[in-house]
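Under our numbering, residues 5 to 584 are what the sequence shown spells out, in order. All residues carry an ideal CB built from backbone N, CA and C; glycine is no exception. Predicted model only: the values in this text are computed from it and were never measured. Quick notes on the structure that follows.
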Amino acid sequence: MAQRGRTINSNPLGDDESLMTHIRFLPKDGRILLGENRMLLIHASGFGVLRRELIETIGSANARGLLTRMGYHNGANDGQLVHKLQIAGHDDVDFVRMGPQLHMLEGTGVVKEVHTDMDVESGHFRGEYLWEGSSEAESHIKTYGIGSDPVCWMQIGYASGFVSSYMGRPILFREVECIGQGADCCRIIGKPAEEWGEDEPDLQYFHARQVEDGLSFEVSKTKRQSLPHTSDVHSPLGIEGVVGASAGFNAACHKLRQVAKTQATVLFLGESGAGKEVFARSLHSISQRTSKPFVAVNCAAIPDNLVEAELFGVERGAFTGANSTRPGRFERAEGGTLFLDEIGILNMTAQGKLLRALQEREIERVGGGKVIKTDVRVAAATNLDLREEVRQGRFREDLFYRLNVFPITVPALRDRLEDIPVFMRYFLRKYCEMHGCFVEGFTSRAVTAMLSYKWPGNIRELENLIERGVIMASKDRVIDVHHMFTGGEFLELEELTVSPDGALIPAQKNLSSSLEGLGLACQQLAGGEAPSGAGFSLESLERQLIDGALKATDGNKSAAARMLGLSRSQLYYRLGQGER
Ligand SMILES: [Zn+2]
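Right under this line is the structure:
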């Protein structure tokens, strides 16, 4: 496989006009859009107030973590935007250089590139950049003066989020010099998270953990050491498989940590495959019950007539086939945690017994009269709307209220897109180790596909696709779209761009496929006939021709204008820049 890495020295960034066309001010709608993302024009001084209050209320380390993760979210969103742009004539380095350009467009300061050396397919990344006039450092210095630590927290999160999202693996940036420390400009260095080493102190700011600082981080440190090959991914709870940096995921982790030290019953809500069992295991391992058993039961997997025996145990002779006395899952989980998945489909008799177990902390085996005391924490999960099940008379209301003490919603994968690169790397490693394959990474097409896919099966589906990809790509050493999406998944590559009036239209990538229809429509119209295909408009024709000309000239607007017989300003007007 060819190394496509390259190094550019001190190239000034921010002169690419193509990004400017993606920011739109729509004052009549009260909206600012960057691509399809809604933006806010906030006051830098207001951000300074927020930052100061955060530092003073939750402490410097917590505030730093929070802002780093917020920045990571923003950067990852912009990384996905760049993926969707697919501007012709740009290679990976050009795309990654749009991160600094967007960062400048968003007003965070001037970014200068020292060097970028990367290869998406092998996962190689080395980047060094300078920040001049950082707005974050400016607001920090106004309040606190020059200090001993770097202060561009949100910005470092942004850089990490942007490049991680583009590369499809966690790339961590560190600020090695900062204006906040008295330097002339800030200097940042980025490389794959695991190459910084296990003890990299800045890694902690990417994990949501601090505000509710319980056992979790100590647990996570010891666990991390036992996971040498997968520990480079963001695992805020320190538990294998619980990875992510997105806001929704971190909110769920935060709730989990709050409830873990109590004895409260926890109800996990969320779509199938979103990782509810992994969360339940985490709940157990960071609770005081961690040395006792964790027992998981999928209520949907047990035949209805056996579910009571399975949960509560059975006395010898209770029914035909009950040849010996057998403890149920409740008894086996004694002192620990019992996880009841798909609780919504439990039958009414079992629901009654479960309610008693939760209320009285006692159970009875099937066919036995003896009452057994239990000390078990119950965690349950469902992808059903339990309130609706109650209304329909399929679920006991009293049991619902017993279970719904502390609900935690585990977000669907499509609502935590910024975690996809983290998962990709995590599962890539896991399955390379498991199957003894050597696959270096993903093609950028594959990364785009992963970010555009709707993930109806959530993390479980992503895990399956990557396992399939690892096996299928073992000869090619790089996973491409066709290695993964072979099981009938509906892959709709969402590549959209913004038309002059602010509407989303298909990007130029679809140009060639729609040209045939367009040509026919032009012929028909010129001959005085109504066009036979749907969706023809003069505007879309014009847009296609302009896009085609830009593609033919590698984005050079003057050359494209000449090709179309327009002046440069006429072309700009048609591209929408003359309007606002
Ligand atoms: Zn700085």
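Looking at the structure shown, is residue i part of a helix, part of a strand, or coil, going by DSSP?
i: Ile150; result: coil
i: Thr341; result: strand
i: Arg566; result: helix
i: Thr557; result: coil
i: Tyr457; result: coil
i: Gly172; result: coil
i: Leu134; result: strand
i: Asn66; result: helix
i: Val115; result: strand
i: Ala378; result: This sequence places Thr at residue 378; Ala is not what is there. It is coil, neither helix nor strand.
i: Thr413; result: strand
i: Asn468; result: helix
i: Glu142; result: helix
i: Cys156; result: coil
i: Val237; result: Note that Val237 scores 43 on pLDDT, short of 50, meaning its location in the model is unreliable; the coordinates nonetheless yield the value given after this. Three-state result, Val237: coil.
i: Arg101; result: coil
i: Cys257; result: helix
i: Glu499; result: The predicted model places Glu499 with a pLDDT of 43, which falls under 50 and marks its position as unreliable; any figure quoted below should be read in that light. Reduced to three states, the DSSP call for Glu499 is coil.
i: Glu543; result: helix
i: Asn327; result: coil
i: Lys36; result: Checking the sequence, you will find Ile at residue 36 rather than Lys. The answer is strand: DSSP assigns Ile36 an E or B state.
i: Ala534; result: coil
i: Lys479; result: coil
i: Phe399; result: coil
i: Ala264; result: helix
i: Asn351; result: coil
i: Cys436; result: helix
i: Ile46; result: coil
i: Val53; result: helix
i: Asn387; result: coil
i: Asn41; result: strand
i: Gly373; result: coil
i: Glu422; result: helix
Return the chain-ordered list of same chain residues with a C-beta closer than 7 Å to the C-beta of residue i, the five sequence neighbours on each side being excluded.
i: Val362; result: Residue 362 is actually Leu in this sequence, not Val. Excluding residues within five positions, the ones whose Cβ falls inside 7 Å are Thr269, Val382 and Arg406.
i: Gly113; result: Trp135, Glu136, Gly137, Ser138 and Ser139
i: Ala249; result: Arg73, Tyr76, Phe210, His238, Glu422, Asp423 and Val426
i: Pro297; result: Arg336, Ala337 and Gly340
i: Asp402; result: Leu359
i: Phe129; result: Met122, Val167, Met171, Ile175, Gly194, Lys195 and Pro196
i: Glu599; result: Outside the shown range of the chain, which is 5 to 584, sits residue 599, and nothing can be said about it.
i: Gly111; result: Ser139
i: Arg330; result: Gly317 and Val318
So, using beta-carbon positions, are residue i and residue j closer together than 9 Å?
i: Ile59; j: Ala48; result: no
i: Ser169; j: Asn254; result: no
i: Ile463; j: Phe427; result: yes
i: Leu109; j: Asn41; result: no
i: Val155; j: Tyr133; result: no
i: Val167; j: Gly445; result: no
i: Ser143; j: Arg55; result: yes
i: Ala565; j: Ser571; result: yes
i: Ile376; j: Leu432; result: no
i: Thr294; j: Phe334; result: no
i: Leu260; j: Ile306; result: no
i: Asp389; j: Asn351; result: no
i: Val282; j: Leu342; result: no
i: Arg400; j: Gly348; result: no
i: Leu30; j: Leu106; result: no
Output needed for residue i: all residues of its chain with C-beta closer than 6 Å, excluding positions within five of it in sequence on either side, in chain order.
i: Leu568; result: Ala553
i: Gly39; result: His26 and Leu85
i: Val370; result: Glu312, Ala313, Val318 and Ala322
i: Phe177; result: Ile160, Ala163, Ser164, Ile192 and Gly194
i: His487; result: Gly473, Met476 and Ala477
i: Val451; result: Gly172
i: Thr147; result: Arg56
i: Gly372; result: Glu319
i: Glu199; result: none
i: Phe404; result: Leu390 and Val394
i: Ala384; result: Leu271, Leu344, Ile347 and Leu407
i: Leu219; result: Here Leu219 scores only 24 on pLDDT, less than 50, and its place in the model should not be relied on; the value that follows carries that caveat. Within the same chain, Leu219 has close Cβ partners Ile290.
i: Gly83; result: Phe166, Ser169 and Tyr170
Please go through the same chain and pick out, in chain order, the residues whose beta-carbon is closer than 8 Å to the beta-carbon of residue i, but skip the five residues on each side of it.
i: Val263; result: Val270, Leu287, Phe410 and Ile412
i: Gly50; result: none
i: Gly186; result: Ile150
i: Leu45; result: Ile36
Inset, instruction - Report the residue ranges of all beta strand (DSSP E) runs contained in full by the region 267 to 317; include only those spanning at least 3 residues, in chain order. - result: Whole beta strand (DSSP E) segments, 3+ residues: 270 to 273 and 298 to 302.
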